[in-house]
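Those letters in the sequence shown? Residues 26 to 324, by my numbering.
Ideal Cβ positions, reconstructed from N, Cα and C, are used throughout, including at glycine.
A short write-up of the structure that comes next.
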Amino acid sequence: MNADLIEARIREYQARIERVLDAALPSADRIPQRLHEAQRYSVLGGGKRLRPLLVYCTGEALGIDAETLDAPAAAVELIHAYSLVHDDLPAMDNDDLRRGRPTTHRAFDEATAILVGDALQVAAFSVLARQSNANITAPARLQMIQLLADASGTAGMAGGQALDLEAVGRELSLEELEAMHRLKTGALIRASVLIAVAAAADLATAAREALDGYAQDIGLAFQIQDDILDVEGKTEDLGKTAGADAARSKPTYASLLGLQSAKNRAQALKNRACERLVVLGPRAQILAWLARYVVDRRV
Numbered sequence: 026m027n028a029d030l031i032e033a034r035i036r037e038y039q040a041r042i043e044r045v046l047d048a049a050l051p052s053a054d055r056i057p058q059r060l061h062e063a064q065r066y067s068v069l070g071g072g073k074r075l076r077p078l079l080v081y082c083t084g085e086a087l088g089i090d091a092e093t094l095d096a097p098a099a100a101v102e103l104i105h106a107y108s109l110v111h112d113d114l115p116a117m118d119n120d121d122l123r124r125g126r127p128t129t130h131r132a133f134d135e136a137t138a139i140l141v142g143d144a145l146q147v148a149a150f151s152v153l154a155r156q157s158n159a160n161i162t163a164p165a166r167l168q169m170i171q172l173l174a175d176a177s178g179t180a181g182m183a184g185g186q187a188l189d190l191e192a193v194g195r196e197l198s199l200e201e202l203e204a205m206h207r208l209k210t211g212a213l214i215r216a217s218v219l220i221a222v223a224a225a226a227d228l229a230t231a232a233r234e235a236l237d238g239y240a241q242d243i244g245l246a247f248q249i250q251d252d253i254l255d256v257e258g259k260t261e262d263l264g265k266t267a268g269a270d271a272a273r274s275k276p277t278y279a280s281l282l283g284l285q286s287a288k289n290r291a292q293a294l295k296n297r298a299c300e301r302l303v304v305l306g307p308r309a310q311i312l313a314w315l316a317r318y319v320v321d322r323r324v
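Have a look at this one:
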């Protein structure tokens, strides 16, 4: 599959997840209207949709059709959206801008934003539990729920965010920084791949391990590139405030390693991620494209 065909497929998947998310969220005219409006504002306000793309593209590499993975793809994006709403709150990162628009607590209010995050997290598990696709067995569905729970809790995003808050104003070692980001950012990216893997009951161990390693590599690469863009990017391009990490005295790969070394580390992770996919053959080209996108993106 050439680059043009891959990019067309990526756009198809992005359009698909927008439809799935729109259908999964309550309409804004349902009681409580303000909360439902805020939920839709938080989820349907654009974004790269990297995590659902990873679900769909892993499925494509494994021969699993997109319809089978609609619920898992929506679930990981709902968890991601909830995490952004809560991370933006004044008690956390205190951000005013997300995806080029006011953050949820600015567009509505703090209490509503807290409830939005709570409701979106619950909605993610509801979507997974209620999926009725015949291609997903009950054990596979349970495994998906467990993967998402692990990626969201203290062994995942919540734990990573706690470490992130504790790190403000401190100097971390590279090992400490990577451990923090493997939880805060990497855990949900890894779960996005493994949730699709869970739908492939007969997958060989070598392929399963390759996809797990791929997911861990690009999860870390994504965060490194985010740190680089916080230094080099512009607010109008990023859709969020550039330079925010330095302003908060947060340790980053750029501040710890320097920009060039951080870029080298991201490139090395990208290359290793792509090398891991060799065991899957040509069908994994779309995942290699995503790995390159993660590191080469400018937003």
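Beta-carbon spacing of residue 129, residue 63 below 8 angstroms:
Counting from 1 along the sequence shown, the entry for residue 129 is found at position 104. Counting from 1 along the sequence shown, the entry for residue 63 is found at position 38. Result yes, Cβ atoms of residue 129 and residue 63 sit closer than 8 angstroms.
Just to confirm, are residue 290 and residue 278 a CB contact at a threshold of 8 angstroms?
The count along the sequence shown starts at 1 and reaches residue 290 at position 265. The count along the sequence shown starts at 1 and reaches residue 278 at position 253. Their beta carbons are under 8 angstroms apart, which means residue 290 touches residue 278 by this criterion.
On a Cα-Cα basis, can you pick out the residue from 274, 144 and 173 that is closest to residue 49?
Along the sequence shown, one-based indexing puts residue 49 at 24. Measuring from the Cα of residue 49, the nearest candidate turns out to be 144.
Whole angstroms is fine: what's the gap from residue 154's alpha carbon to residue 173's?
Position 129 of the sequence shown, counted from the start, is the residue given in the question as residue 154. Position 148 of the sequence shown, counted from the start, is the residue given in the question as residue 173. Cα to Cα, residue 154 sits roughly 12 angstroms from residue 173.
Please report the Cβ distance between residue 240 and residue 161, rounded to the nearest whole angstrom; I am assuming they are in contact, meaning their Cβ atoms lie under 8 angstroms.
Taking the sequence shown and counting its residues from 1, the one referred to as residue 240 is at position 215. Taking the sequence shown and counting its residues from 1, the one referred to as residue 161 is at position 136. At roughly 20 angstroms, the Cβ-Cβ gap does not stay under 8 angstroms, so residue 240 and residue 161 are not in contact.
What residue does the alpha helix (DSSP H) around residue 295 start on, and which one ends it?
Locating residue 295 in the sequence shown gives position 270, where the first residue counts as 1. 284-301 is the span of the alpha helix (DSSP H), which, as asked, contains residue 295.
Going by Cα to Cα distance, which pick from 133, 104, 125 and 139 is closest to residue 117?
As a working note, residue 117 is residue 92 in the sequence shown. Among 133, 104, 125 and 139, the Cα nearest to that of residue 117 is on 139.
Using 8 angstroms as the Cβ pair cut-off and three pairs as the minimum, do the stretch 77-92 and the stretch 211-221 touch?
yes
Sorted by chain position, which residues of the same chain lie with C-beta nearer than 8 angstroms to residue 257's C-beta, five sequence neighbours on each side aside?
For the purposes of this step, residue 257 is taken as the residue at position 232 of the sequence shown. The answer, listed in chain order, is 284.
Own chain, CB closer than 6 angstroms to residue 197, minus 5 neighbours either side, in chain order:
Stepping through the sequence shown from its first residue, residue 197 is reached at position 172. These residues qualify, in order along the chain: 276.
How many angstroms separate the CA atom of residue 99 from the CA atom of residue 309?
On the sequence shown, residue 99 is found 74 positions in, with the first residue counted as 1. On the sequence shown, residue 309 is found 284 positions in, with the first residue counted as 1. Each residue's alpha carbon lies about 22 angstroms from the other.
Taking the continuous alpha helix (DSSP H) assigned at residue 41, which residues delimit it?
Within the sequence shown, the letter at position 16 stands for residue 41. Residues 28-49.
Residue 233 versus residue 92 - alpha carbon distance
Locating residue 233 in the sequence shown gives position 208, where the first residue counts as 1. Locating residue 92 in the sequence shown gives position 67, where the first residue counts as 1. Near 21 angstroms, if we compare the C-alpha coordinates of residue 92 and residue 233.
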